[in-house]
């Protein structure tokens with residue numbers, strides 16, 4: 001499915017460092033289904049390696065990861081549940 | 082005329098706030114479903130040490146005499162009409178409302194967990210459940226213990242690790258360590274979600290022979306075989322599953338309903354603590370969606386922030402955490418951070434463990450505000466440094 005048209009869940013984790021953005025991502029994953037797109041916003045730089053490890057473990061896809069307007073924006077596509 | 086402030090919830094946050102508000106300015110009402118106020122962190126020691134379950138006091142006795150206390154559940158909060166409706170049918174109009182509703186365990190979210198939870202107990206809900214877990218641990222004679230949290234939403238982030246470390250200490254002291262495999266499972270990439278603290282925790286877990294299974298997001302449990310399955314496709318077969326259940330916000334109807342998120346947490350501005358999208362409403366404590374630890378320290382600081390805001394003083398909540406963390410064998414630490422200061426490495430010491438245990442004895446004084454000068458100095462001295 002095209003990530004621009006798929007249902008997109010915005011997860012705003014800015015300001016969160018403990019337990020951290022991965023908490024919010026795991027929660028969104030629990031509620032997701034295959035084909036969903038999750039857009040995660042974070043300010044904790046630890047989110048980069050964590051999301052990569054998470055995607056590798058869960059078999060989901062990182063569509064993009066970039067710094068934008070003072071935050072880290074990660075777009076993920078749920079490929080496996 | 083005095084302003085009418087209704088505080089929904091008589092836990093730490095609600096009780097601290099009710100004690101802080103000026104009686105000449107406010108007519109304060111606290112509504113709580115329970116007449117009893119439990120010191121929740123003590124459940125860990127009831128479950129893991131067989132400590133006495135007498136950890137509660139009468140809520141009325143913790144409130145100033147001028148505060149009206151209603152023992153009843155709240156059925157509905159109408160944030161547009163500015164009224165709180167109790168389950169018993171009493172209608173309470175307010176000028177300002179503070180939602181201090183807390184969170185509850187909700188094992189029914191995970192297939193099989195309600196049955197396991199009823200059989201094994203837990204240390205995040207009631208004294209009876211914690212006593213049940215103690216009886217299970219007390220009778221344990223070897224095998225596999227699997228302990229972890231079922232959902233990323235968790236009251237007190239260090240508490241699952243505290244549980245596994247104290248359980249390991251108990252098993253070791255009883256001479257059962259070589260007959261027992263202990264597995265710690267977590268939905269996070271590592272044992273402690275914040276990496277600097279994990280650098281402290283991971284070597285301790287390794288030294289005590291506790292296996293860590295990261296990215297284990299509990300999907301279901303088979304109560305018959307006591308096998309845990311994760312969304313990620315892993316499984317753990319065990320003899321004693323000790324699962325911190327998922328949590329959910331209080332069962333209260335709100336108007337507008339949009340003030341709640343999918344976990345029934347109140348959507349709250351992270352600095353002003355005002356409920357988003359409405360006026361004359363604040364939220365504090367575990368029942369908010371604030372991106373900070375669900376812990377008593379947060380409830381304390383949030384209650385003080387709202388008290389200041391109501392009094393017209395500058396009031397910004399900075400997301401400060403100070404979570405006590407018992408690492409077993411007499412060592413402890415505190416997990417300190419804020420919105421702008423990421424959690425730092427904080428090695429365990431005997432002194433920090435002593436402070437944690439000493440504070441537990443002073444909790445009832447803290448609720449009344451009698452320790453405020455000491456606590457204020459402590460928070461200033463231990464303020465985390467913002468990230469560069």
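Protein chains in written order, with our numbering: chain A, 1 to 81; chain B, 82 to 469.
C-beta atoms are modelled at their ideal positions from N, C-alpha and C, and glycine is treated no differently.
Counting only unbroken stretches of 3 or more residues, the beta strand (DSSP E) elements lying wholly within the region 323 to 397 of chain B are 328 to 330, 334 to 336, 362 to 364, in sequence order. A direct Cα-to-Cα measurement between residue 153/B and residue 118/B gives close to 14 Å. A contact is defined here as three or more CB-CB pairs under 8 Å, and the region 92 to 108 of chain B fails this definition with respect to the region 68 to 79 of chain A. A distance below 6 Å between beta-carbons, with the five flanking residues on each side excluded, links residue 114/B to the following residues of its chain, in chain order: 154. With respect to the 8 Å criterion, residue 78/A and residue 50/A are not classified as neighbours on the basis of their beta carbons.
Interface flag for residue 229/B against chain A is unset, since no Cβ pair is found closer than 8 Å. Among the residues facing chain B, residue 54/A is included, as its CB has a counterpart in that chain under 8 Å away.
Counting along the chain, no beta strand (DSSP E) covers residue 422/B, and no H or E run does either. Under the Cβ criterion of 8 Å, residue 9/A is not counted among the residues facing chain B. Neighbours of residue 40/A in chain B, taken as residues whose beta carbon is under 9 Å from its own, are absent, since the nearest beta carbon is some 13 Å off.
For residue 192/B, no chain A residue has a Cβ inside 7 Å of its Cβ, as the nearest lies near 13 Å away.
The Cβ atoms of residue 229/B and residue 340/B lie no closer than 8 Å to each other. The three-state secondary structure of residue 119/B, taken from DSSP, is strand. Sixteen is the threshold: since fewer than 16 other Cβ atoms of the shown chains lie within 10 Å of the Cβ of residue 463/B, the residue is exposed. Of all residues in the region 322 to 343 of chain B, the ones placed with a Cβ closer than 8 Å to any Cβ belonging to chain A are 343, in chain order. Counting other Cβ atoms within 10 Å of its Cβ, residue 458/B stays below 16 and is therefore classed as exposed. Take residue 318/B, set aside five residues on each side of it, and the residues of its chain with a beta-carbon closer than 6 Å to its own are 308, in chain order. From the beta-carbon of residue 407/B, no residue of chain A is found nearer than 8 Å; the closest lies around 17 Å away. Within the region 127 to 165 of chain B, no run of alpha helix (DSSP H) reaches 4 residues while sitting entirely inside it.
Taken through DSSP and simplified to helix, strand or coil, residue 263/B comes out as strand.
Around residue 313/B, the beta-carbon contacts reaching into chain A at under 7 Å are 57, 58.
For residue 250/B, same chain residues with a beta-carbon under 6 Å away, outside a window of 5 residues either side, are 409, 410 in chain order. Assigned with DSSP and collapsed to three states, residue 78/A falls in coil, not helix or strand.
A check of alpha carbon separations from residue 121/B across 396/B, 227/B, 378/B identifies 378/B as the nearest. A straight-line Cα-Cα distance of about 46 Å links residue 150/B and residue 294/B. For the region 17 to 33 of chain A, the beta-carbon criterion of a distance under 8 Å to any beta-carbon of chain B is satisfied by 17, 18, 19, 20, 22, 23, 24, 26, 27, 29, 30, 31. If you draw a straight line from the Cα of residue 383/B to the Cα of residue 259/B, it is about 45 Å long.
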